[in-house]
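If you want the numbering used here, it's the 1-based position in the sequence shown plus 10.
Don't be surprised by glycine CBs; every beta carbon is placed ideally from N, CA and C.
Quick caveat, the model's predicted, so the values are computed rather than measured.
The structure under discussion appears below in the form of C-alpha coordinates.
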Amino acid sequence: MSQYKIHPIVMGTKIFDKTMMTYQHGYGETYTIPIYCWYIEGGDQKILVDTGEMHPIQSEEREKSIRGKIYTFEEGLARWNLKPEDIDVVIHTHLHNDHCENDYKCSHAVIYTHEKEMERIHNPHPLDFRYLEDYIEDVEENGQIRAVTGNYEIRPGIQVIHTPVHTDGGLTVMVHTAQGKAAITGFCVIDENFDPPKEIKAMEMEVIPPGTHVNVYEAYDIMLKVKEQADILIPLHEPRFAAVDTIP
(Lines of atoms letter the chains of each structure in order from A; the text may use other names.)
(Lines give C-alpha, C1' and ligand atoms only; values in the text may rest on other atoms or scores of the structure.)
Protein backbone atom coordinates (compact mmCIF):
# COMPACT_ATOMS: atom_id res chain seq x y z
CA MET A 11 0.00 0.00 0.00
CA SER A 12 1.29 3.46 -0.92
CA GLN A 13 2.15 5.99 1.75
CA TYR A 14 0.93 9.42 0.76
CA LYS A 15 1.86 13.00 1.53
CA ILE A 16 -0.78 15.75 1.67
CA HIS A 17 0.00 19.25 0.41
CA PRO A 18 -2.42 22.04 1.50
CA ILE A 19 -2.82 24.82 -1.09
CA VAL A 20 -4.83 27.94 -0.21
CA MET A 21 -7.16 28.82 -3.08
CA GLY A 22 -9.42 31.36 -1.43
CA THR A 23 -10.65 32.79 1.85
CA LYS A 24 -13.86 33.78 3.59
CA ILE A 25 -14.39 36.30 6.35
CA PHE A 26 -17.40 35.90 8.65
CA ASP A 27 -18.61 35.52 12.21
CA LYS A 28 -16.75 32.70 13.93
CA THR A 29 -19.98 30.89 14.78
CA MET A 30 -20.10 29.80 11.13
CA MET A 31 -17.36 27.39 12.24
CA THR A 32 -18.11 26.85 15.94
CA TYR A 33 -21.79 26.29 16.66
CA GLN A 34 -23.10 28.72 19.31
CA HIS A 35 -19.58 29.80 20.30
CA GLY A 36 -17.66 32.89 19.18
CA TYR A 37 -20.54 35.26 18.50
CA GLY A 38 -19.33 38.64 17.25
CA GLU A 39 -15.78 37.46 16.55
CA THR A 40 -14.63 38.11 12.99
CA TYR A 41 -12.81 35.09 11.61
CA THR A 42 -10.96 34.38 8.35
CA ILE A 43 -10.82 30.85 6.98
CA PRO A 44 -8.64 29.53 4.17
CA ILE A 45 -10.29 27.57 1.38
CA TYR A 46 -8.02 24.70 0.47
CA CYS A 47 -7.25 22.37 -2.36
CA TRP A 48 -5.31 19.35 -1.06
CA TYR A 49 -2.81 17.63 -3.36
CA ILE A 50 -2.28 14.00 -2.38
CA GLU A 51 1.15 12.91 -3.56
CA GLY A 52 2.08 9.23 -3.89
CA GLY A 53 1.11 6.23 -5.91
CA ASP A 54 0.76 6.42 -9.67
CA GLN A 55 -1.96 9.07 -9.95
CA LYS A 56 -2.21 12.78 -9.24
CA ILE A 57 -5.07 13.33 -6.81
CA LEU A 58 -6.76 16.48 -5.50
CA VAL A 59 -9.29 16.89 -2.73
CA ASP A 60 -11.54 19.83 -3.73
CA THR A 61 -10.58 22.52 -6.25
CA GLY A 62 -11.16 25.83 -4.44
CA GLU A 63 -12.31 29.19 -5.78
CA MET A 64 -12.03 30.28 -9.40
CA HIS A 65 -11.17 33.91 -8.62
CA PRO A 66 -9.76 34.11 -5.06
CA ILE A 67 -9.21 37.50 -3.46
CA GLN A 68 -5.43 37.76 -3.12
CA SER A 69 -4.74 40.52 -0.62
CA GLU A 70 -2.01 41.21 1.89
CA GLU A 71 -4.59 41.64 4.64
CA ARG A 72 -6.17 38.24 4.05
CA GLU A 73 -2.80 36.52 3.77
CA LYS A 74 -1.77 38.11 7.05
CA SER A 75 -4.98 36.81 8.68
CA ILE A 76 -4.29 33.22 7.68
CA ARG A 77 -0.47 33.52 7.83
CA GLY A 78 -0.05 32.03 4.39
CA LYS A 79 -0.13 32.82 0.69
CA ILE A 80 -3.29 32.68 -1.42
CA TYR A 81 -2.95 31.18 -4.90
CA THR A 82 -5.02 30.87 -8.02
CA PHE A 83 -5.69 27.29 -9.07
CA GLU A 84 -2.92 27.34 -11.67
CA GLU A 85 -0.42 29.04 -9.34
CA GLY A 86 -1.11 26.59 -6.55
CA LEU A 87 -0.70 23.51 -8.70
CA ALA A 88 2.46 24.92 -10.29
CA ARG A 89 4.11 24.82 -6.86
CA TRP A 90 4.09 21.03 -7.27
CA ASN A 91 4.92 21.07 -11.00
CA LEU A 92 1.33 20.34 -11.97
CA LYS A 93 -1.16 21.76 -14.44
CA PRO A 94 -4.94 21.28 -14.19
CA GLU A 95 -4.95 18.83 -17.08
CA ASP A 96 -2.40 16.65 -15.22
CA ILE A 97 -4.91 15.78 -12.50
CA ASP A 98 -6.18 12.19 -12.64
CA VAL A 99 -8.62 12.21 -9.72
CA VAL A 100 -10.61 14.86 -7.84
CA ILE A 101 -12.34 13.88 -4.60
CA HIS A 102 -14.99 16.23 -3.27
CA THR A 103 -15.66 16.68 0.42
CA HIS A 104 -18.92 18.29 -0.73
CA LEU A 105 -20.16 20.48 -3.60
CA HIS A 106 -20.58 23.92 -2.08
CA ASN A 107 -19.28 26.33 -4.67
CA ASP A 108 -16.00 27.22 -2.95
CA HIS A 109 -14.96 23.56 -3.10
CA CYS A 110 -15.60 22.88 -6.80
CA GLU A 111 -15.21 26.09 -8.83
CA ASN A 112 -12.16 24.84 -10.75
CA ASP A 113 -13.47 21.38 -11.62
CA TYR A 114 -13.92 22.24 -15.28
CA LYS A 115 -10.18 22.90 -15.64
CA CYS A 116 -9.40 19.29 -14.66
CA SER A 117 -10.42 18.00 -18.06
CA HIS A 118 -8.84 14.55 -17.69
CA ALA A 119 -9.89 13.83 -14.10
CA VAL A 120 -12.38 11.35 -12.72
CA ILE A 121 -14.36 13.29 -10.08
CA TYR A 122 -15.77 11.52 -7.03
CA THR A 123 -18.60 12.93 -4.95
CA HIS A 124 -21.49 11.53 -2.94
CA GLU A 125 -24.77 10.97 -4.75
CA LYS A 126 -26.59 13.17 -2.22
CA GLU A 127 -24.36 16.09 -3.22
CA MET A 128 -25.44 15.64 -6.83
CA GLU A 129 -29.06 15.66 -5.72
CA ARG A 130 -28.52 18.82 -3.68
CA ILE A 131 -26.60 20.77 -6.29
CA HIS A 132 -29.39 20.24 -8.83
CA ASN A 133 -32.21 20.79 -6.33
CA PRO A 134 -30.89 22.87 -3.42
CA HIS A 135 -33.00 23.80 -0.43
CA PRO A 136 -33.56 27.57 -0.16
CA LEU A 137 -31.56 27.60 3.09
CA ASP A 138 -28.47 26.32 1.31
CA PHE A 139 -27.50 28.90 -1.29
CA ARG A 140 -23.93 27.58 -1.55
CA TYR A 141 -24.83 25.00 -4.19
CA LEU A 142 -24.38 26.39 -7.71
CA GLU A 143 -24.78 23.78 -10.43
CA ASP A 144 -23.01 25.97 -13.01
CA TYR A 145 -19.68 24.82 -11.57
CA ILE A 146 -20.24 21.12 -12.27
CA GLU A 147 -22.30 21.19 -15.47
CA ASP A 148 -19.26 20.85 -17.78
CA VAL A 149 -17.73 17.89 -15.97
CA GLU A 150 -21.13 16.25 -15.60
CA GLU A 151 -21.81 16.56 -19.33
CA ASN A 152 -18.34 15.14 -20.03
CA GLY A 153 -19.12 12.05 -17.96
CA GLN A 154 -16.33 12.74 -15.48
CA ILE A 155 -18.39 12.41 -12.29
CA ARG A 156 -18.57 9.19 -10.28
CA ALA A 157 -21.26 9.39 -7.59
CA VAL A 158 -20.62 7.14 -4.59
CA THR A 159 -23.32 5.98 -2.20
CA GLY A 160 -21.33 5.40 0.98
CA ASN A 161 -17.84 4.45 2.12
CA TYR A 162 -15.61 3.78 -0.87
CA GLU A 163 -11.96 3.02 -1.61
CA ILE A 164 -10.74 5.50 -4.22
CA ARG A 165 -7.25 3.98 -4.42
CA PRO A 166 -5.33 1.65 -2.10
CA GLY A 167 -4.64 3.77 0.98
CA ILE A 168 -7.25 6.42 0.11
CA GLN A 169 -10.83 5.88 1.25
CA VAL A 170 -13.84 8.16 1.59
CA ILE A 171 -16.33 7.72 4.42
CA HIS A 172 -19.80 9.23 4.40
CA THR A 173 -19.98 11.93 7.07
CA PRO A 174 -23.22 13.97 6.74
CA VAL A 175 -22.21 16.69 9.19
CA HIS A 176 -22.10 19.93 7.17
CA THR A 177 -24.04 18.60 4.16
CA ASP A 178 -26.05 15.48 3.34
CA GLY A 179 -23.31 14.02 1.17
CA GLY A 180 -20.17 15.03 3.01
CA LEU A 181 -17.20 12.73 2.40
CA THR A 182 -14.25 12.59 4.78
CA VAL A 183 -11.07 11.49 3.00
CA MET A 184 -8.92 8.99 4.90
CA VAL A 185 -5.33 8.92 3.67
CA HIS A 186 -2.61 6.40 4.61
CA THR A 187 0.58 8.30 5.54
CA ALA A 188 3.92 7.49 7.12
CA GLN A 189 2.52 8.65 10.45
CA GLY A 190 -0.81 6.87 10.30
CA LYS A 191 -4.26 7.60 8.98
CA ALA A 192 -4.96 11.25 8.11
CA ALA A 193 -8.56 12.50 7.89
CA ILE A 194 -9.37 15.47 5.65
CA THR A 195 -12.78 16.23 7.08
CA GLY A 196 -15.83 16.19 4.85
CA PHE A 197 -17.26 19.11 6.79
CA CYS A 198 -16.25 22.72 7.40
CA VAL A 199 -14.46 22.97 10.73
CA ILE A 200 -11.25 24.25 12.36
CA ASP A 201 -9.00 22.82 15.09
CA GLU A 202 -11.18 24.28 17.81
CA ASN A 203 -14.10 22.10 16.72
CA PHE A 204 -12.11 19.01 17.69
CA ASP A 205 -10.25 20.54 20.62
CA PRO A 206 -12.66 22.95 22.33
CA PRO A 207 -11.45 25.51 24.90
CA LYS A 208 -11.65 24.54 28.55
CA GLU A 209 -14.92 26.39 29.15
CA ILE A 210 -16.60 24.26 26.49
CA LYS A 211 -15.05 21.04 27.78
CA ALA A 212 -16.34 22.02 31.23
CA MET A 213 -19.83 21.69 29.69
CA GLU A 214 -18.91 18.05 28.93
CA MET A 215 -18.65 18.76 25.20
CA GLU A 216 -15.84 16.83 23.50
CA VAL A 217 -16.29 18.50 20.10
CA ILE A 218 -18.11 21.54 18.70
CA PRO A 219 -20.26 20.94 15.61
CA PRO A 220 -19.92 23.36 12.68
CA GLY A 221 -22.24 26.35 12.53
CA THR A 222 -23.83 25.03 9.34
CA HIS A 223 -24.98 21.45 9.74
CA VAL A 224 -27.59 18.89 8.70
CA ASN A 225 -28.50 17.71 12.20
CA VAL A 226 -26.51 19.11 15.08
CA TYR A 227 -26.88 16.04 17.32
CA GLU A 228 -25.83 13.62 14.60
CA ALA A 229 -23.02 15.99 13.61
CA TYR A 230 -21.61 15.81 17.13
CA ASP A 231 -21.62 12.00 17.13
CA ILE A 232 -20.09 11.69 13.65
CA MET A 233 -17.31 14.11 14.58
CA LEU A 234 -16.44 11.97 17.60
CA LYS A 235 -16.15 8.91 15.36
CA VAL A 236 -13.85 10.72 12.91
CA LYS A 237 -11.72 11.95 15.81
CA GLU A 238 -11.37 8.39 17.10
CA GLN A 239 -10.48 6.92 13.70
CA ALA A 240 -7.81 9.42 12.68
CA ASP A 241 -4.16 9.56 13.71
CA ILE A 242 -3.88 12.97 12.02
CA LEU A 243 -6.88 15.31 11.97
CA ILE A 244 -7.07 17.82 9.14
CA PRO A 245 -10.05 20.14 9.75
CA LEU A 246 -11.15 21.41 6.35
CA HIS A 247 -10.66 25.14 7.02
CA GLU A 248 -8.01 25.22 9.77
CA PRO A 249 -5.81 28.34 9.18
CA ARG A 250 -2.55 26.82 10.48
CA PHE A 251 -2.25 24.65 7.37
CA ALA A 252 -1.89 27.79 5.24
CA ALA A 253 1.77 27.94 6.36
CA VAL A 254 2.36 24.20 5.92
CA ASP A 255 3.79 22.65 2.76
CA THR A 256 3.36 18.98 3.57
CA ILE A 257 1.42 16.76 5.99
CA PRO A 258 2.83 14.80 7.75
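task: Just tell me which of Tyr230, Ile194, Asp205 and Ile210 has its CA closest to the CA of Trp48.
output: Counting from one through the sequence shown, the residue named residue 48 turns up at place 38. Among Tyr230, Ile194, Asp205 and Ile210, the Cα nearest to that of Trp48 belongs to Ile194.
Using DSSP with H/G/I as helix, E/B as strand and the rest coil, what is Ile168?
-> In the sequence shown, residue 168 corresponds to position 158, counting from 1. If DSSP states are grouped into helix, strand and coil, Ile168 belongs with the strands.
Can you tell me the Cβ-Cβ gap for Tyr141 and Ile131, rounded? I've got them flagged as a contact below 8 Å.
Your numbering for residue 141 matches position 131 in the sequence shown. Your numbering for residue 131 matches position 121 in the sequence shown. So it is a contact: roughly 4 Å between Cβ atoms.
What's the gap between the Cα of Ala88 and the Cα of Thr82?
On the sequence shown, position 78 is the one that residue 88 refers to. On the sequence shown, position 72 is the one that residue 82 refers to. Roughly 10 Å between the two C-alpha positions.
Quiz item: For Ile232, does the count of other Cβ atoms within 10 angstroms reach 16, so buried, or fall short, so exposed?
Solution: Reading the sequence shown from its first residue, position 222 is the one you call residue 232. The Cβ neighbour count for Ile232, taken over all protein chains shown within 10 Å, is at least 16; the residue is labelled buried.
Take the Cβ of Phe251 as the centre, count every other Cβ of all protein chains shown within 10 Å, and call the residue buried at 16 or more, exposed below. Working through the sequence shown from its first residue, we reach residue 251 at position 241. Burial call: buried.
Is there contact between the region 96-104 and the region 53-70, where contact requires at least three CB pairs shorter than 8 Å? With three or more CB-CB distances shorter than 8 Å, the region 96-104 counts as touching the region 53-70.
Item to check | Nearest to Lys235 (by Cα), restricted to the options Lys211, Met213 and Met184 | outcome: Numbered from 1 along the sequence shown, position 225 holds the residue referred to as residue 235. The candidate whose alpha carbon is nearest that of Lys235 is Met184.
Check whether the Cβ atoms of Ala157 and Pro258 sit closer than 8 Å, and answer yes or no. Start at 1 with the first residue of the sequence shown, and residue 157 comes out as number 147. Start at 1 with the first residue of the sequence shown, and residue 258 comes out as number 248. No; because the gap between Cβ atoms is not below 8 Å, this pair is not in contact.
Bridge partners for Asp27 per DSSP, in chain order? Taking the first residue of the sequence shown as 1, we reach residue 27 at position 17. Paired residues: Thr40.
Inset, instruction - Return yes when the Cβ of Leu246 is within less than 8 Å of the Cβ of Thr103, no when it is not. - result: Here the question's residue 103 lines up with position 93 in the sequence shown. Here the question's residue 246 lines up with position 236 in the sequence shown. In contact: Thr103 and Leu246 (Cβ atoms closer than 8 Å).
- prompt: So Tyr227 is in the alpha helix (DSSP H); what residue range does that whole segment cover?
  reply: One-based indexing of the sequence shown puts residue 227 at position 217. Segment Val226 to Gln239, the alpha helix (DSSP H) holding Tyr227.
So Tyr14 and Gly167 are supposed to be a Cβ contact under 8 Å. How far apart are they, rounded? Locating residue 14 in the sequence shown gives position 4, counting from the first residue. Locating residue 167 in the sequence shown gives position 157, counting from the first residue. Here Tyr14 really is in contact with Gly167; their C-beta atoms are around 6 Å apart, less than 8 Å.
Worksheet item: Hey, quick one: how far does the alpha helix (DSSP H) through Val149 stretch, first residue to last?
Response: Taking the sequence shown and counting its residues from 1, the one referred to as residue 149 is at position 139. Element bounds for Val149: Glu147 to Glu151.
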